[in-house]
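Take 117 as the starting number for the first sequence in our numbering and just add one per residue.
Note that beta-carbon positions come from the ideal geometry of N, C-alpha and C, so glycine has one too.
Shown next, in structure tokens, is the structure this report addresses.
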Amino acid sequence: MPRRYWLLKTEPETFGWDDLIRSKDRTSMWDGVRNYRARNYMRDEMKIGDGVLFYHSNCKPPHVAGIARVVREGYPDPTQFDPASPYHDPESRPEKPRWYLVDVEAVRKLERPLSLAELKETEGLESMKLVKRGMRLSVQPVTGEEWKIVVALAKKPAP
DNA sequence: GCCAACGTTGGC
DNA sequence: GCCAACGTTGGC
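Structure follows, in structure tokens:
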């Protein structure tokens, strides 16, 4: 089974790379995702050991900050059952949960942040979902080739 | 099941 | 702050 790769978007104001590093075991639940396609990826397709590009959105500039990995596979997002949580979903029942998540663990920070603008200009990433306009999905598959290019790009000096 | 209205995302 | 893209809602 070949390892797969993903990109997870997060707003650094809400939960950023430094928050993941400060988490116990540098690991966190990826909670609060309320989109069915993203849910399906986490519930059905993300496997232990899969690589994750940790992407900061809604900041200046938006960028990939680090590399993480999946350490626990799809299970129900507990925040959906918590009335005090902003992610509470009153229509979801514990016997038939609507929302799933995975746990991710920080692997390492990139040598330098890779801005969206730079990724857009990088050869080989033209069809990466992230660089497509209007791509809002917060959990995206990344191809092995794209992963290699991104990891190698971070080792090069900033343009 | 269609689709218009509306809300959210998120880069710019 | 703007606005394009896109998901969701709800009337029919």
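- Excluding five sequence positions before and after S144, the CB atoms of its chain that fall closer than 6 Å to its own CB belong to L136, given in chain order.
- Look at W133 here: in three-state DSSP terms it is helix.
- Taking one beta carbon from each stretch, the segment 252-259 and the segment 149-157 have 3 or more pairs nearer than 8 Å; the two touch.
- Under the three-state reduction of DSSP output, P210 falls in the coil class, being neither helix nor strand.
- Classified as exposed, E227 has fewer than 16 neighbouring CB atoms from the shown chains inside 10 Å of its CB.
- Among the bridge pairs identified by DSSP, W263 is matched with none.
- Counting along the chain, the unbroken beta strand (DSSP E) around K125 starts and ends at Y121 to T126.
- Counting only the Cα atoms, A274 lies some 25 Å from M251.
- With respect to the 7 Å criterion, G167 and Y121 are classified as neighbours on the basis of their beta carbons.
- DSSP, reduced to helix, strand and coil, places K225 within a strand of the structure shown.
- Pairwise C-beta distances place the segment 173-189 in contact with the segment 210-225, as three or more of them are shorter than 8 Å.
- Put simply, the backbone Cα of R138 is about 15 Å away from that of F170.
- For Y191, the enclosing beta strand (DSSP E) has its first and last residue at H179 to P192.
- A check of alpha carbon separations from A268 across S208, W133, L235 and V149 identifies L235 as the nearest.
- The C-beta of I164 has fewer than 16 other C-beta atoms within 10 Å across all chains shown, which makes the residue exposed.
- By the criterion of a C-beta distance shorter than 7 Å, N174 is surrounded in its chain by E127, once the five residues flanking it on both sides are discounted.
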